[in-house]
Amino acid sequence: MAVVVETTLGDITIDLYTKERPRACLNFLKLCKMKYYNYSLFHTVSRDFIAQTGDPTGSRKGGESVFGVLEGPLKRYFEAETQPRIKHTITGLVSFVGAEDNMIGSQFFITLAPELTYLDDRHCVFGEVAEGLDVLELLNDAICDNDNRPYQDIRITHTVILDDPYPDLKGIRIPSRSPSPSAERLQGGRIAPDEEIDETTGKDVEEVEEMKAEREAKARATILEMVGDIPDAEMAPPENVLFVCKLNPVTTDDDLEIIFSRFGKINSCEVIRDRKTGDSLQYAFIEFDDNKACEDAYFKMDNVLIDDRRIHVDFSQSVAKVKWLGKGRGVAHFDDKGRRTVDKKNDIGQGNYKTVRNKEIEKEQKPKYRDRSPRDKGKEVISRDRDRSQDQRRPSRERQNSSKDRRPRSRD
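Given below as structure tokens:
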């Protein structure tokens, strides 16, 4: 026995456990036949957990069983079947949401992950998804708020009964066609399923470009936070650090500190140098104690002649491809997309501690060789001859001569 549930994401075919859960399946089939679930929201979607629906009001508190629809509020819920026991062990199981005292109504959920056994004995499993697992993946990927409510409406649009083994209940009314949704059912929705979201509506070209640039900058900052280059994506760049370039190679840290110290207290001043040669790379970073001194130096020192070179001064945060890591720690380099590049020659921030540690261990370990003599069988010894360096070994002819000298001489 099966039912096709048509949603705004696609169709889901549900096979019902009519033998194990006859009363629960009767409730579900007759509600589908009455078109009770049409236009119902998936009001709760928890990633890798469940997708819940079946409340016509979308408030998570509504819904009633088919007996409540036919006989009144006193029959809103009925007792769920518990035997035989069916566990929530696979993705795509369909269960009625259990209320107090093991009572169920119209709300049901579909599992989006396997092994949700802590739901056992709390909710009544009455079927499983036979077709439409790709729709469950789309449900699982829905973007939701902190209350697990999707931002864009996901609704049941129609239900089709493929086989109904139960006779119709007394007083049930089966519509000849799918009824139009009431105002109550459409209330509480968010973005309509077929609504296209265009954030550029009403904005000019400059505003659109500014919005794109802001998003790209935020994405780059998030990537830097993920790889550990900055502690927080929302962290503001330092406003008290100046970037100085086009320096003369002979200009030193002390020279710059003396020249720039007239604007205020300097916490650190460093000319970036090559790791191996120690030669100046002709740019530096100067960190002031306060922002005012940094601004004064920026306005007054740009294009100033120092050691016969016209220097260029700018704020550190405006240098997109170079980031100062701090006094004595060098710099990090970035490409045009904001990704950190590896400069094996100059970048000192790319050390692999695991590799260094392994090399140190290898240096401390001495080569071990197993003695093959029967007397020392199974023992590990260090070969002295192998430990001896090549220049300490005697030439082969000398060893042969010495061995000849040690031979016993015959008596005349």
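Just so we're aligned: 366 in our numbering is position 282 of the sequence shown, and the numbers increase by one with no gaps anywhere. Think of the CB as a built atom: it goes at the ideal place given N, C-alpha and C, for glycine as much as any other residue.
N-terminal and C-terminal residue of the alpha helix (DSSP H) that residue i is part of
{"i": "V178", "result": "Run containing V178: none in the alpha helix (DSSP H); it sits in the beta strand (DSSP E), 177 to 182."}
{"i": "D99", "result": "Segment 95 to 100 is the beta strand (DSSP E) holding D99; no alpha helix (DSSP H) there."}
{"i": "F383", "result": "375 to 385"}
{"i": "D338", "result": "337 to 344"}
Residues near residue i in its chain [Cβ-Cβ closer than 7 Å; skip 5 each side]
{"i": "R393", "result": "K330, L331, N332"}
{"i": "S402", "result": "Low per-residue confidence applies at S402: pLDDT is 41, beneath 50, and the placement is therefore not dependable, though the value from the model is reported in the following sentence. Contacts found: none."}
{"i": "E163", "result": "N186, M187"}
{"i": "E345", "result": "Correcting the residue identity first, residue 345 is Ser in this sequence and not Glu. Counting only Cβ-Cβ distances below 7 Å, and skipping sequence neighbours, we find nothing."}
{"i": "V334", "result": "D391"}
{"i": "L93", "result": "V219, L222, L223, I238"}
{"i": "H207", "result": "S179, F180, V181, G182"}
{"i": "A197", "result": "D132, F133, T175"}
{"i": "S457", "result": "With a pLDDT of only 46 at S457, under the threshold of 50, the placement of this residue in the model should not be trusted, and no figure is reported."}
{"i": "V388", "result": "I395"}
{"i": "I343", "result": "I390"}
{"i": "D363", "result": "P333, R357"}
8 Å Cβ cutoff met for residue i and residue j
{"i": "T243", "j": "Y121", "result": "yes"}
{"i": "I256", "j": "M118", "result": "yes"}
{"i": "D139", "j": "E212", "result": "no"}
{"i": "I245", "j": "C116", "result": "yes"}
{"i": "G216", "j": "I96", "result": "yes"}
{"i": "R144", "j": "G189", "result": "no"}
{"i": "F372", "j": "I350", "result": "yes"}
{"i": "V219", "j": "T91", "result": "yes"}
{"i": "E199", "j": "T241", "result": "no"}
{"i": "F112", "j": "F193", "result": "no"}
{"i": "E165", "j": "R261", "result": "no"}
{"i": "G497", "j": "Q191", "result": "Because residue 497 is not part of the residues shown, which for the chain are 85 to 496, the question remains open."}
{"i": "V325", "j": "I395", "result": "no"}
Cut-off 6 Å between Cβ atoms - residues of its own chain near residue i, not counting five sequence neighbours on either side
{"i": "Q236", "result": "I275"}
{"i": "G462", "result": "Any reading at G462 needs caution, since the residue's pLDDT is 47, under 50, leaving its predicted position unreliable; the model's value is listed next. Closer than 6 Å at the Cβ level, and outside the excluded window around G462, lies no residue."}
{"i": "C353", "result": "D337, L340, E341, I370"}
{"i": "V88", "result": "D95, T97, V244"}
{"i": "K171", "result": "T201, D204"}
{"i": "E323", "result": "N375"}
{"i": "F347", "result": "A377, D380, A381"}
{"i": "D386", "result": "V397"}
{"i": "K429", "result": "Note that K429 scores 41 on pLDDT, short of 50, meaning its location in the model is unreliable; the coordinates nonetheless yield the value given after this. None."}
{"i": "A226", "result": "V129, P234"}
{"i": "F563", "result": "This structure does not reach residue 563, given that the chain is present from 85 up to 496, and the question cannot be answered."}
{"i": "D471", "result": "Residue confidence for D471 is low, a pLDDT of 42 falling below 50, so the modelled location carries little weight; the figure read from the coordinates is stated next. There are no such residues."}
Extent of the continuous beta strand (DSSP E) to which residue i belongs
{"i": "N351", "result": "350 to 357"}
{"i": "M187", "result": "187 to 195"}
{"i": "R210", "result": "Correcting the residue type first, residue 210 is Phe in the shown sequence and not Arg. Counting along the chain, the beta strand (DSSP E) containing F210 begins and ends at 208 to 215."}
{"i": "F327", "result": "325 to 329"}
{"i": "T151", "result": "It is Phe, not Thr, that sits at residue 151 in the sequence shown. Run containing F151: none in the beta strand (DSSP E); it sits in the alpha helix (DSSP H), 150 to 155."}
{"i": "F112", "result": "First-last for F112: 106 to 117, but that is the alpha helix (DSSP H), not the beta strand (DSSP E)."}
{"i": "V397", "result": "396 to 399"}
Beta-ladder partner(s) of residue i, from DSSP
{"i": "T128", "result": "Q136"}
{"i": "S364", "result": "R357"}
{"i": "E90", "result": "D95, H242"}
{"i": "I258", "result": "I258 pairs with nothing; no bridge assigned."}
{"i": "R393", "result": "I390"}
{"i": "P234", "result": "C228"}
{"i": "Y275", "result": "For the sequence presented, residue 275 should be read as Ile rather than Tyr. Beta-bridge pairing links I275 to Q236."}
Same chain, Cβ closer than 8 Å to residue i, five either side skipped, listed in chain order
{"i": "R169", "result": "D204, D205"}
{"i": "K114", "result": "V150, Y250, D252, L253, I256"}
{"i": "K287", "result": "M295"}
{"i": "I258", "result": "K117, M118, D252"}
{"i": "D247", "result": "M85, A86"}
Answer yes if the segment 125 to 139 comes into contact with the segment 222 to 238, meaning at least three C-beta pairs across the two stretches below 8 Å, and no otherwise. These segments touch.
Should the segment 110 to 124 be called in touch with the segment 250 to 265, which here means at least 3 C-beta pairs below 8 Å? Under the 8 Å Cβ criterion, the segment 110 to 124 counts as touching the segment 250 to 265, having at least three qualifying pairs.
Can you confirm whether the segment 360 to 368 touches the segment 292 to 301 when touching is taken to mean that 3 or more C-beta pairs between the two stretches lie within less than 8 Å? The segment 292 to 301, when compared against the segment 360 to 368, does not touch it at the 8 Å Cβ threshold.
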